[in-house]
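Participant: Residue numbers (the working numbering): 29 to 416.
Structural data, given as structure tokens:
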């Protein structure tokens, strides 16, 4: 608010014919101040998913190193959202109590995921269904005191696990986000709050082709790209599951975090809305063909998830050789005795990804999932690297 003395001076300047110049100066000062406030209020984001189904006490989460927590997952039931586990309410309350350790912390809940994305196509298919779903999202948010909603639809227009999908998902996905955004804004006006709406996105071109992210991003605060599982639980084939760059050893097409980011930028998403996903776990294959220390070889099993903390324990056996693909900036392990190959994320890769995030103007980093790194070695490196 302008002070009375300043108002009197402006009135005199108006009469003297120099108001236009003063107006420009005031506008410039106001605009600069707005940018400073904007930068101050939008630090580099560190977003951690907490899986409610894990045997983990959320009270252990170090929220001083996080800007956001995404609690996963809520399910879609009868066109609305709800938590399905008996332990959810207590775990959510435990998370909320941690705000005393970080008053700026934002806690969202995530809907869907790999197992519970089967109903997204249906709730997005009509205006009536979208409004019902959006209102339910707001009600669940308010019930538990969340700061927003995160959608993890795997995947619009594509087969995931057992999800329904239809060609109109591409348009309906954007309409669903618009409807949720409108419902959150309406509630926010009542509460004098800005409630967040975010999504987790696939890293491949197929996800881009089946969505309209350039339009969808208008309704979103930011987008968490799942830059992992490039080789995963469907592949009887080893490979890097979260490499930063393409590998010059790649035989089968592959993917990389930098390519995923580039696809999102090309689709029309501003860089500061993009959050790079980092895995706090690896992928393990067994009975692997021994050629090339198991890298890009066939296996008798698919790439199962193994937590970072479990990989650290495995290394104590002395059976694993630590290897590195310099072109991909990706670490891997080879156990020749048991023919086991592991693609994993080490502190070195986390540090490089943080550097990439800062150098390319991205909004920050997301990781899956908090309980998988028992000693928080990866989180500590991520936090330090993003803030140095």
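Each residue gets a CB set at the ideal place from its N, CA and C atoms; glycine is no exception.
All of these numbers come straight from a predicted model, not from anything done at the bench.
Run through DSSP, which three-state label would residue 194 get?
Facilitator: Residue 194 falls in the coil class under three-state DSSP.
Participant: Check residue 463 in the structure and name its three-state DSSP category.
Facilitator: Missing from the structure shown is residue 463; the chain here goes from 29 to 416 and no further.
Participant: Which two residues bound the contiguous beta strand (DSSP E) that contains residue 109?
Facilitator: From DSSP, the beta strand (DSSP E) with residue 109 extends over 108-110.
Participant: When you compare each of 352, 206, 213 to residue 273 by their alpha carbons, which one comes out closest?
Facilitator: Of 352, 206, 213, the residue nearest in Cα terms is 352.
Participant: Less than 8 Å between C-beta atoms, sequence neighbours within five positions excluded: which residues of the same chain meet that for residue 76?
Facilitator: Taken in chain order, the residues that qualify are 89, 94, 96, 97, 98, 394, 395, 397, 398, 407.
Participant: Where residue 179 and residue 234 are concerned, what is the direct C-alpha to C-alpha distance, given to the nearest angstrom?
Facilitator: Residue 179 and residue 234: Cα-Cα distance of roughly 18 Å.
Participant: Alpha carbon to alpha carbon, how far is residue 241 from residue 196? Give it in angstroms, no decimals.
Facilitator: So the two alpha carbons sit approximately 15 Å from each other.
Participant: DSSP three-state label for residue 219, please.
Facilitator: Residue 219 falls in the helix class under three-state DSSP.
Participant: Which same chain residues, not among the five before or five after residue 71, have their C-beta less than 7 Å away from its C-beta?
Facilitator: Result list for residue 71: 95, in chain order.
Participant: Consult DSSP for residue 96 and reduce its assignment to one of helix, strand or coil.
Facilitator: DSSP places residue 96 in strand when its eight states are reduced to three.
Participant: Note the first and the last residue of the continuous beta strand (DSSP E) segment covering residue 312.
Facilitator: 309-313 is the span of the beta strand (DSSP E), which, as asked, contains residue 312.
Participant: Helix, strand or coil: which one does DSSP assign to residue 148?
Facilitator: DSSP places residue 148 in helix when its eight states are reduced to three.
Participant: Is residue 306 closer than 8 Å to residue 376 when the C-beta atoms are compared?
Facilitator: No, they are not a contact pair.
Participant: Round the Cβ separation of residue 74 and residue 410 to the nearest angstrom and send it over; I've been treating them as touching at under 8 Å.
Facilitator: 6 Å between Cβ atoms; contact.
Participant: What is the rounded straight-line gap between the Cα of residue 64 and the Cα of residue 128?
Facilitator: Because residue 64 carries a pLDDT of 30, less than 50, the predicted location of this residue cannot be relied on, and the following value inherits that uncertainty. If you take the alpha carbons of residue 64 and residue 128, they lie about 26 Å apart.
Participant: Identify, in the order they occur along the chain, each residue of the same chain with its Cβ nearer than 8 Å to the Cβ of residue 365, setting aside the five sequence neighbours on each side.
Facilitator: Excluding sequence neighbours, residue 365 sits near 347.
Participant: Closer than 6 Å by C-beta to residue 185: which residues in its own chain qualify, once you throw out the five before and the five after it? Chain order, please.
Facilitator: Excluding residues within five positions, the ones whose Cβ falls inside 6 Å are 193, 197, 198, 238.
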